[in-house]
Amino acid sequence: MRKITQAISAVCLLFALNSSAVALASSPSPLNLGTNVARLAEQAPIHWVSVAQIENSLAGRPPMAVGFDIDDTVLFSSPGFWRGKKTFSPESEDYLKNPVFWEKMNNGWDEFSIPKEVARQLIDMHVRRGDAIFFVTGRSPTKTETVSKTLADNFHIPATSMNPVIFAGDKPGR
């Protein structure tokens, strides 16, 4: 009986040693793999223009309505979104569906956002022309918001040119 037990144990040991061990990754794989020179070369050529060139192209034209995106376009707003992720859902993007996050983001967390200088120059040019300024965002709307005031203050937009921010994101309950 002892020899049978030893033989079965030896066979089990052989099967156990024959299989390969798989180690799990110790850190998550990167979300964005980035780019390389070959991919960059595949893009269409970019025609850069300056604010002065845009202003010259608008000379003699009547005032118009102009619209700007907010997040990471005219404002470097990633710090508020980073804080929301860390506070509400560190392991996922669920914070973007959390109404409490949007209340915070739309009511003060933009104080952590940095106005982009080129946006300031472009908006200044439109203010000088007398254009109506609109801001559109994919943020979810909230009952109150201070984003409009923050933008008007940061970009020195007079009340006659500034319009309330248009929140085009998901409505609560949808």
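In this text, residue positions in the sequence shown follow our numbering: the first is 1, and each later residue adds one.
Beta carbons: idealized from backbone N, C-alpha and C, even for Gly.
Per-residue DSSP class, three states only, for residue i
i    : result
I123 : helix
I46  : coil
F135 : strand
M64  : coil
I54  : helix
F155 : coil
A59  : coil
Integer Cβ distance of residue i from residue j, believed to fall under 8 angstroms
i    : j    : result
V147 : N106 : 6 angstroms
F179 : K116 : No statement about residue 179 is possible, as the shown extent of the chain runs from 1 to 174 and does not include it.
T137 : D69  : 7 angstroms
R139 : W109 : Actually they do not touch by this definition, with Cβ atoms about 11 angstroms apart.
Sequence-distant residues of its chain with Cβ nearer than 6 angstroms to residue i (five each side left out)
i    : result
I123 : F155
V51  : Q121, L122, M125
A152 : M162
P79  : F112
One or two residues paired with residue i in a DSSP bridge
i    : result
L176 : The structure shown does not extend to residue 176, since the chain spans only 1 to 174, so no value can be given for it.
F167 : T137
M162 : I133
Per-residue burial, residue i [other beta carbons within 10 Å of its own, 16 or more giving buried]
i    : result
S113 : buried
K104 : buried
L96  : buried
Cβ shell of residue i (< 8 angstroms), same chain only, five flanking positions each side left out
i    : result
I157 : I123, V127, I133, L151
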